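Participant: Our numbering puts the first residue of the sequence shown at 464, with every later residue one more than the last.
Think of the CB as a built atom: it goes at the ideal place given N, C-alpha and C, for glycine as much as any other residue.
From a predicted model like this one, the values you see are computed outputs, not experimental measurements.
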Amino acid sequence: RKHATRQSSENFENLLESCRRTPEHPLLVPDPVFEENPGHGQVLQDILEAHVAGERALLVMGFQGVGKNRICDHLLHRLQCEREYV
């Protein structure tokens with residue numbers, strides 16, 4: 464199990480590196496306080512894999528306060544992508 468987790472982590476880091484950007488407006492890149500747990504890792508990888516597969520819109524669902532915005536902001540921070548609130 465540890466080998467699979469390490470391999471999954473390496474795959475995630477490789478995906479992150481391939482998608483990382485140079486932001487035009489660095490102040491719009493979120494920098495949330497984020498304490499990752501094992502469940503977050505899988506959610507982050509699922510979102511990133513959907514992005515790599517060409518998905519441009521993603522519906523993230525969950526109860527109020529579970530961290531939907533925080534996990535998305537963390538991924539945007541890791542990718543160095545801006546976030547604009549509408």
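Quick check: the Cα distance between Leu521 and His537, rounded to an integer number of angstroms?
Facilitator: 16 Å
Participant: Less than 7 Å between C-beta atoms, sequence neighbours within five positions excluded: which residues of the same chain meet that for Phe497?
Facilitator: Arg533 and His537
Participant: Please specify which runs of the alpha helix (DSSP H), each continuous and at least 4 residues long, are wholly inside the segment 478-530, giving them in chain order.
Facilitator: 501-515
Participant: Buried or exposed for Leu511, going by 16 or more other Cβ atoms inside 10 Å?
Facilitator: Flag for Leu511 reads buried.
Participant: Just verifying my parser: in three-state terms, what is the DSSP assignment at Arg541?
Facilitator: helix
Participant: If you draw a straight line from the C-alpha of Glu487 to the C-alpha of Arg546, how long is it?
Facilitator: 11 Å
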